[in-house]
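**Q** Residue numbers (the numbering used here): 73 to 355. C-beta atoms are modelled at their ideal positions from N, C-alpha and C, and glycine is treated no differently. One structure, pasted below without further comment.
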């Protein structure tokens, strides 16, 4: 295959230059600046890896990192498990108009403010809120459950949001699957379950992977939802970052913890990318 000449590739570079400049100005340059700041000691001003050593050795920081990773794993798994049946049901509708209508209802919570949704869940989960009132009325509990300001409340708030997001990504993969593949599997004697496991599920993995990645990135770096719904009972790393900035004015330590979160996001992307590449035909 003939390689394009430099003159032929010049228009492409010109078209791509605004995006490249944007990437350098608003991603690469700030990231390099954050790396430089994270290597500086907040007290002495000397450079080294002391901030990163503290992140991985001091209990307050390791607990916050562990809480972030655990919360992200639970939310990602729960969101995907709940979103897949919803996306599959919508994709199975025969009418395209019904699919659009169902998708509209599925993403209705997106139309409300992120903060408003968090405070709404806080009201629902309160000791005198609707959930506890119903459980008390039907006799399932005798004292109100302490759901508000807890890890459970944070997980519920996150899952409610990410179900909508994962539904969209999984639905986008499901509607791209040729229905003749499932029909061929059924004609060859495969059961409905075997057809789903061997045809539908593998072909929908790209949507699952994209949903998982978006959930991980948005969940592990979120400060608002844990702050509103979780309070200070199980502090996550973004809350610790904000405390370093607001209370201690320790920007180098906050930068170091932010870089740790960035590395976790990058590892999640690489893992999901390798997972998808491994599943490609011929690999």
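How long is the line joining the alpha carbons of residue 108 and residue 323, rounded to whole angstroms?
**A** 11 angstroms
**Q** By how many angstroms is the C-alpha of residue 205 removed from the C-alpha of residue 308?
**A** Looking at the two C-alpha atoms, the distance is approximately 30 angstroms.
**Q** Would a C-beta distance cut-off of 9 angstroms place residue 297 and residue 226 closer than the cut-off?
**A** yes
**Q** Mapping DSSP to helix, strand and coil, what is residue 221?
**A** coil
**Q** Would you tell me roughly how many angstroms separate the C-alpha atoms of residue 315 and residue 293, rounded to the nearest one?
**A** 14 angstroms
**Q** What distance in whole Å lies between the Cβ atoms of residue 305 and residue 222, which are believed to be in contact at a cut-off of 8 angstroms?
**A** 6 angstroms
**Q** Is the Cβ-Cβ distance between residue 203 and residue 197 less than 9 angstroms?
**A** yes
**Q** Leaving aside the five residues before and after residue 231 along the sequence, list all residues of the same chain whose C-beta is less than 8 angstroms from its C-beta, in chain order.
**A** Counting only Cβ-Cβ distances below 8 angstroms, and skipping sequence neighbours, we find 147, 150, 151 and 154.
**Q** Alpha carbon to alpha carbon, how far is residue 165 from residue 91?
**A** 39 angstroms
**Q** With residue 131 as the anchor, note down where its alpha helix (DSSP H) starts and where it stops.
**A** Run containing residue 131: 131-163, per the alpha helix (DSSP H) assignment.
**Q** Is it buried or exposed for residue 318, if we count other Cβ within 10 angstroms and need 16 for buried?
**A** So residue 318 counts as exposed.
**Q** Distance check for residue 174 and residue 275, CA to CA, integer angstroms please.
**A** 22 angstroms
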